[in-house]
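First the structure, in the form of structure tokens, and then the observations on it.
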Ligand code: FAD
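Residue numbers (my numbering): 13 to 496.
Right under this line is the structure:
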């Protein structure tokens, strides 16, 4: 005999079973978060198998600092998925196909990575699929293909791209979605994060780990802290590397622990002033970098401005090594390179200074700098890194003109006047008076003695002379101008 209550229970169970029948995969990529994740939200109603694939084709281009970040970020994500994240090491397409068969999957969802290689991979995956799939934009405010000039060609200059293309005529960015409520399930095969072997063995990793908190929760906290005390002086303050006026959200954004939409809307909700506008326009620069590599994918390897193909780069190995080690003899440059090594981050102003020095004073092709940054930065990002290096070098879109060469002595004096930043990363210069902090080779012997500095012993002599290296760069530039 079945009573009314049991009958209702049976019907409910049946409905539940029917509505949960669809099994789908969420393929996590650079979207390591649960909130404002369009592909994840689209899967609500399904049973979802969350997976992350480390494809050797991608990991071979990934720097040590990025791998370190990724390890911890995946660990946090897995915790928020109650340990259900499936870690896979192998070829993306093969692994997804195997999983679809072994787990009897009905559909797969993912958020796109706007990088040419990744878009090709998406295309190959789609061609190999025999189940439903859906792809979303979870990483950009505006899709690169939807913003064009009136004549249908892509922008090459930031301001019209941003003001006219994005903000004025473009669609308003999509509002952030709430955290998806989903039913996640485990794959039959057990997996562990350690199998991905992402953690570098080098003891250096401890320093980086002590400086950052990875994961979605920490990303949101970082944004909240920045909105509480930072953005109020962003426009001016963002130039000073010792001050806490920048957000340091870049690695969180790169790995998608937070979306640009969450940042955009939360920031805009704080009001409307020059600091907020300026901060949003920096998010615009991030959009512009992705836009450029989408429309001009050759710039990942070649100069966007082909006039520079004939430039007589010297690419002197010894000088490049001194630059990497922070032993150029120019304190603001060396402090920046030490910050990079010790923290996996470098302040934007200093990125521009060390970049100008490498490309212009040392006559090194920008790709050497890009590769070193890629290995050391926790926010290493194919689009931002490539477009920014080309910008610094003068070979890119809307770039700083080649003939504008940063003077590292003046930059130090203007933006790190009291030497707080420089002395933090070069403690041996702690007792140098301000007057000679950025040009110790000009200090009289007694001043160096008093400060405990022995040039060539505990701080290097300059590896190039500023005036002559500048003139050399300008002469090389004049050569390619003549050839135009
Ligand atoms: P904030 O000033 O708080 O800005 C907020 C966000 O806006 C950043 O997180 C970033 O996503 C974006 N943003 C800010 N400035 C820029 C910019 N100039 N170009 C593009 N996006 C920007 N940024 C990376 O994310 N990855 C890189 O690999 C990278 N390489 C760079 C290499 C060079 C030579 C230079 C000059 C800049 C590079 N940048 C790169 C851009 C910029 O330096 C960093 O995004 C910024 O310093 C990150 O710090 P933040 O989050 O505190 O920035």
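Glycine included, C-beta positions come from ideal geometry on N, C-alpha and C.
All of these numbers come straight from a predicted model, not from anything done at the bench.
Distances from the alpha-carbon of residue 203 to those of 62, 338, 271 put 62 closest. Secondary structure note for residue 106: its alpha helix (DSSP H) is the uninterrupted segment 104-115.
Beta-bridge partners of residue 145 (DSSP): 120.
Counting only residues whose CB is nearer than 6 Å to a non-hydrogen atom of the ligand FAD, the list in chain order is 250, 258, 259, 260, 261, 262, 265, 266, 294, 295, 297, 298, 301, 360, 363, 364, 367, 385, 389, 391, 392, 393, 396, 397, 400, 401, 404. If you draw a straight line from the Cα of residue 99 to the Cα of residue 116, it comes to about 18 Å. Residue 473 sits exposed, since fewer than 16 C-beta atoms from the chains shown fall within 10 Å of its C-beta. Residue 471 is bridged by DSSP to 467. No Cβ-Cβ contact shorter than 7 Å links residue 414 with residue 408.
Of the residues 344, 437, 84, 40, the one whose Cα lies closest to the Cα of residue 212 is 84. Distance from residue 424 to residue 344 at the Cβ level is roughly 4 Å; contact confirmed, criterion being Cβ atoms closer than 8 Å.
Taken in chain order, the complete alpha helix (DSSP H) segments of 4 or more residues contained in the segment 314-358 are 329-337, 343-355. Within its own chain, the residues whose Cβ lies closer than 6 Å to the Cβ of residue 145, once the five positions on either side in sequence are excluded, are 120, listed in chain order. DSSP places residue 210 outside both helix and strand once states are collapsed to three, so it counts as coil.
In terms of Cβ geometry, residue 368 and residue 418 form a close pair [threshold 7 Å].
Scanning its chain for C-beta atoms nearer than 6 Å, with the 5 sequence neighbours on each side dropped, one finds around residue 245 the residues 257, in chain order. Going by DSSP, residue 35 is part of the beta strand (DSSP E) stretching over 35-40. In this structure, residue 263 keeps its C-beta atom at 7 Å or more from the C-beta atom of residue 387. The C-alpha of residue 269 lies about 6 Å from the C-alpha of residue 231. For residue 134, no beta strand (DSSP E) encloses it; the enclosing alpha helix (DSSP H) starts and ends at 128-140. Of the candidates 207, 339, 174, 70, the residue whose Cα lies closest to the Cα of residue 294 is 174. Secondary structure of residue 417 (DSSP, three-state): coil. Around the Cβ of residue 136, a 10 Å sphere holds fewer than 16 other Cβ atoms; the residue is exposed. Cβ neighbours of residue 352 within its own chain (closer than 6 Å, five residues either side excluded): 358, 388. Residue environment for residue 228: buried (at least 16 other C-beta atoms within 10 angstroms of its C-beta). Around the Cβ of residue 38, a 10 Å sphere holds 16 or more other Cβ atoms; the residue is buried. Within the same chain, Cβ atoms closer than 6 Å to the Cβ of residue 44 are found at 85, 89, 267, 268, 269, the five residues on either side in sequence being excluded. Straight-line measurement puts the Cα of residue 158 at about 22 Å from the Cα of residue 42. The beta carbon of residue 421 sits closer than 6 Å to the beta carbons of 450, 451 from its chain, once the five residues preceding and following it are set aside; these are given in chain order. For residue 274, the enclosing alpha helix (DSSP H) stretches over residues 272-280. As computed with DSSP, residue 65 is found in a beta bridge with 100. Between the beta-carbon of residue 149 and that of residue 123 there is about 7 Å, and that keeps the pair under the 8 Å contact cut.
Note on geometry: alpha-carbon atoms of residue 349 and residue 336 lie some 6 Å from one another.
Looking only at 288, 310, 380, the smallest Cα-Cα distance to residue 327 is reached by 380. Burial check for residue 416: the Cβ neighbour count within 10 Å stays below 16, so the residue is exposed. With fewer than 16 other Cβ atoms from the protein chains shown falling within 10 Å of its own Cβ, residue 142 counts as exposed.
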